[in-house]
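The sequence shown: position 338 = 338 (full-length UniProt numbering), numbered continuously. Yeah, the Cβ is synthetic: ideal placement off N, Cα and C, and Gly gets one too.
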Amino acid sequence: MDILDCKNVYVSCSVNRYPHCLDTKENLIVFGSSNSIVLYDLNVRCVISSSSHHSDLINSVRWIDENGVYIISSSVDQTSIIWQKDGQNVFHLKYVLNGGHKDSLIISDSVIVDKEFHSVSTANDKSLCIWQNDQMVFTEDVKHFIFDVRIYNNMANISGLVVLTAGSNECVQINQFDLFTKTLESLITLQGHTDWVKSIDLISFNDKCLLASASQDFFVRVYEIQKCSLETDIGVMGDIMSVKHDDKEKYYSVTLETVLAGHEGWVTNVRWIIIENRIHLLTCSSDKMIILWEQMGNSIWNEKYRFGEVGENALGFLSCSFIHSPQMIIGQSHNGAVHLWRKIDGENCWQSYPPITGHFKEVTDLTWEPEGEYFLSCSSDQTTRLHSSWNPSNLSSWHEIARPQIHGYDLKSLTMAGRFRFVSGADEKVVRIFNATKNFTESIKNISSINIDLAGNEFAECAIVPSLGLSNSAVYDTSKIEEEFKPKTINMPPSEEILMQNTLWPESQKLYGHGYEIFAVAVNHSNTFLASACKASNANHASIILWDMKIFKKLTNLCSHNLTVTQMRFSPDDSLLLSVSRDRTWALFEMKSLEYRRIAFSDKSTGIHTRIIWDCAWTPDSKNFLTGSRDKTIIRWFLNDKNETEIQSKEKISFDHPVTSLDVHSKFFTENNHYLVCVGLENGNLSLHTIDILSGVWLKIHNFENHHHTSTVNRIRFSPKICIDKNQYNAIHISSCGQDRMIKLFKIILKFK
């Protein structure tokens with residue numbers, strides 16, 4: 001078996017919750033997600049690369065050059081990095097700026113002068129550092145936090161480097177840095193704001209500049225900077241800035257152009273943009289609004305367009321930007337989603353465009369729909385999200401299509417119970433079951449072109465959370481609910497507002513019986529039995545509860561383990577239930593006479609694993625199962641030919657790091673008598689293997705280079721669907737999720753020898 005091609009066709013991730021963590025250049029959006037630099041291409045509607053070197057969260061990202069080759073990022077890990085983009089749109093390290101700060105960075109900026117990178121960075125230790133390439137040439141301790149910093153070369157014809165800072169002193173400071181003496185001189189301090197200044201931006205044209213500052217006092221102040229003489233009358237709203245150059249004094253007027261009062265909350269970001277040769281200003285705020293301002297004349301500014309979030313779950317915007325071709329407004333929301341609005345050609349209006357969305361905390365589990373048309377994921381961000389493909393105009397891309405569950409507890413486990421039902425477990429004692437809505441089935445047919453037979457199924461129209469309730473309630477008569485919560489049948493991936501409000505699934509059942517937080521759930525392939533397990537420190541709480549999925553009643557307790565059951569899997573023929581645990585053992589239960597009984601288990605004398613067993617999987621013939629452990633091994637176990645209760649180990653495969661997730665494809669590849677296995681490790685690495693059924697030989701056939709996770713892989717699952725590509729080769733999909741808050745979907749083309 002050979003891998004002809006492997007593509008990372010979908011990455012679901014969010015922007016880190018910092019106000020300068022996103023930037024745009026032409027059709028590209030670059031942002032920080034966890035500790036990775038992510039590059040999104042609007043032309044193909046997907047992430048085209050992710051690069052990682054930071055050891056902690058990235059909190060700012062900025063393009064450096066006009067050609068879109070270099071960026072600078074800063075991180076909580078106390079470093080800044082200058083990255084260079086290659087021809088394949090992958091970022092590589094250029095310089096690491098390390099050793100200047102003693103606390104997490106806040107922001108950094110850079111400019112290229114004579115092929116040298118001159119950078120400035122600020123941190124939570126109230127320090128400011130200036131760098132030449134990767135060497136620190138200046139540092140200063142200030143008495144306040146600097147939330148935004150900009151560095152320019154020859155700004156308004158001011159020789160040398162100009163450094164602008166804004167922060168908790170409620171001021172904007174303009175400074176000049178001398179490249180020869182390595183000194184920073186304050187030129188002027190602009191006062192006027194009455195709260196922290198969070199963002200600044202500057203634009204130069206016709207020998208003058210416009211400087212905008214955004215503050216938590218709800219206002220945006222715009223200053224005009226231009227060359228003048230001492231005799232120039234600048235009025236009461238201006239000041240004179242003196243600049244030394246070649247032992248001569250040059251003078252610049254700094255005049256307050258206008259104060260923009262359009263927001264009703266903290267103004268978090270400000271951007272200058274040129275649209276059709278006219279100057280515009282883009283601002284965003286915690287009031288859930290983005291405003292595009294247009295300069296109409298001298299000191300006259302008009303609010304041209306207003307964009308925003310709706311709904312009580314929205315928390316406002318942290319950052320905003322603009323794409324010129326086609327014209328698009330970009331907004332980064334508080335929960336990490338990237339909102340997109342696109343201007344309709346030839347019209348004076350804008351329409352919502354499919355957003356960039358993803359979990360904003362660790363992704364803990366994922367599961368495929370039985371026919372492989374879509375998959376669900378759950379996270380510590382307390383949401384369950386549904387992902388599927390969108391196929392307009394021969395360009396296929398994957399998106400978040402629905403958000404069936406928005407919970408009050410961190411979600412830990414997830415499994416499908418049919419095509420339109422799923423079961424979830426969270427940091428609570430209750431197992432919850434959800435059913436799809438009629439609105440969802442109609443929308444996914446339109447978006448993903450899925451053939452769905454609804455005969456015999458009764459669906460609610462939609463689901464809402466009542467004002468005084470905590471559970472998603474089914475709605476069968478939409479005339480009785482508020483307009484904003486009514487179902488919306490759509491034919492393209494929904495906006496973030498629709499995802500948050502209009503895509504919930506109703507909760508059909510709550511199952512009580514566990515004494516502690518739910519940790520694992522599993523449903524058999526015929527959807528008749530549900531197994532659930534909770535966190536446990538003794539044998540009593542470590543028992544598995546088996547539920548009847550027809551009447552939703554507890555059938556029995558399956559006892560074997562002494563500590564938390566970490567994973568459970570039913571065999572493909574539903575005759576066996578396998579469980580693995582923190583106690584380093586596995587147990588096997590057999591279905592007979594409508595009940596399960598333990599037929600085999602490992603203990604201290606028979607167990608081979610020496611550390612916690614994290615995951616397990618069955619081979620498609622139900623004759624073998626695999627267990628993966630923190631002891632860096634995977635072991636294949638098999639039932640003997642007589643199907644007796646004694647289980648024997650066949651192979652022990654070692655890895656360089658602890659095994660945290662594994663899966664076996666549900667298809668038995670008769671073309672070459674192999675099982676197909678995917679493995680995820682604690683360091684984030686993924687690998688694809690085959691097992692020869694007769695000889696038991698393991699062979700690594702693919703290493704997912706440049707596409708690994710940056711931290712522990714929590715779950716790997718094969719899609720049960722196998723497609724035939726245009727060359728008549730088998731195409732399969734693998735999805736993975738991890739502690740790095742990312743979901744990755746791979747399309748793999750197989751060729752049999």
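In this structure, DSSP gives residue 155 a helical state, which the three-state scheme calls helix. Residue 315 sits in coil when the DSSP states are folded into three classes, being neither helix nor strand. For the 9 Å CB-CB criterion, residue 112 and residue 243 do not form a contact. Taken through DSSP and simplified to helix, strand or coil, residue 439 comes out as helix.
Counted as a single uninterrupted DSSP element, the alpha helix (DSSP H) harbouring residue 496 occupies residues 496 to 501.
Sorting 385, 538 and 428 by C-alpha distance to the C-alpha of residue 422 places 385 at the top. In the displayed model, residue 401 falls within a strand according to three-state DSSP.
Contact annotation, residue 574 with residue 526: C-beta distance approximately 6 Å; criterion of less than 8 Å satisfied. By the neighbour-count criterion, in which 16 or more other beta carbons inside 10 Å mark a residue as buried, residue 303 falls on the exposed side.
The beta carbon of residue 409 sits closer than 7 Å to those of 382, 426, 427 and 428, all from its chain and outside the five residues before and after it, given in chain order. The beta carbon of residue 702 is closer than 8 Å to those of 3, 6, 687, 688 and 748 in its chain, skipping five residues each way along the sequence. Counting along the chain, residue 634 sits inside the beta strand (DSSP E) bounded by residues 633 to 639. Taking a contact to require three or more Cβ pairs closer than 8 Å, the segment 14 to 34 and the segment 649 to 659 do not qualify as touching. Under the three-pair Cβ rule at 8 Å, the segment 62 to 79 counts as touching the segment 93 to 107. Within the DSSP secondary-structure output, residue 591 pairs in a beta bridge with 596. The DSSP-derived three-state label of residue 74 is strand. Residue 193 and residue 452 have their C-alpha atoms some 58 Å from each other. Residues 650 and 651 of the same chain have their beta carbon placed closer than 6 Å to that of residue 696, with the five preceding and five following residues left out of the count. A Cβ-Cβ separation of about 6 Å places residue 110 in contact with residue 82 under the 8 Å criterion. Scanning 391, 406 and 405 for the CA closest to the CA of residue 399 turns up 391.
Taking each of 140, 528, 515 and 375 in turn and checking the Cα distance to residue 555, the smallest one comes out for 528.
Within its own chain, the residues whose Cβ lies closer than 8 Å to the Cβ of residue 473, once the five positions on either side in sequence are excluded, are 463, 464, 465, 466, 506 and 507, listed in chain order.
Going by DSSP, residue 613 is part of the beta strand (DSSP E) stretching over 613 to 618. For residue 308, the enclosing beta strand (DSSP E) covers residues 300 to 308. For residue 445, the secondary structure class from DSSP, reduced to helix, strand or coil, is helix. Setting aside the 5 residues that flank it on each side, residue 45 is surrounded in the same chain by 397, each with a C-beta closer than 6 Å to its C-beta; the list follows chain order.
Within the DSSP bridge table, the entry for residue 432 names 424 and 510 as partners. Look at residue 550 here: in three-state DSSP terms it is coil, with no helix or strand label. Distance between residue 323 and residue 24, taken at the CA atoms: about 7 Å.
Membership of residue 354 in the beta strand (DSSP E) is indicated by the continuous run 350 to 356.
For residue 345, there is no enclosing beta strand (DSSP E), as DSSP marks it with neither H nor E.
The way I'd put it, the segment 531 to 538 does touch the segment 552 to 567; three or more beta-carbon pairs between them come closer than 8 Å.
For residue 238, the enclosing beta strand (DSSP E) covers residues 238 to 245. Residue pairing for residue 577: DSSP places it in a beta bridge opposite 570 and 589. Per the Cβ contact rule, the segment 370 to 380 is not in contact with the segment 325 to 339 (fewer than 3 Cβ pairs under 8 Å). Counting C-beta pairs with one atom in each stretch, the segment 165 to 176 and the segment 141 to 152 have three or more that are closer than 8 Å, which means they touch.
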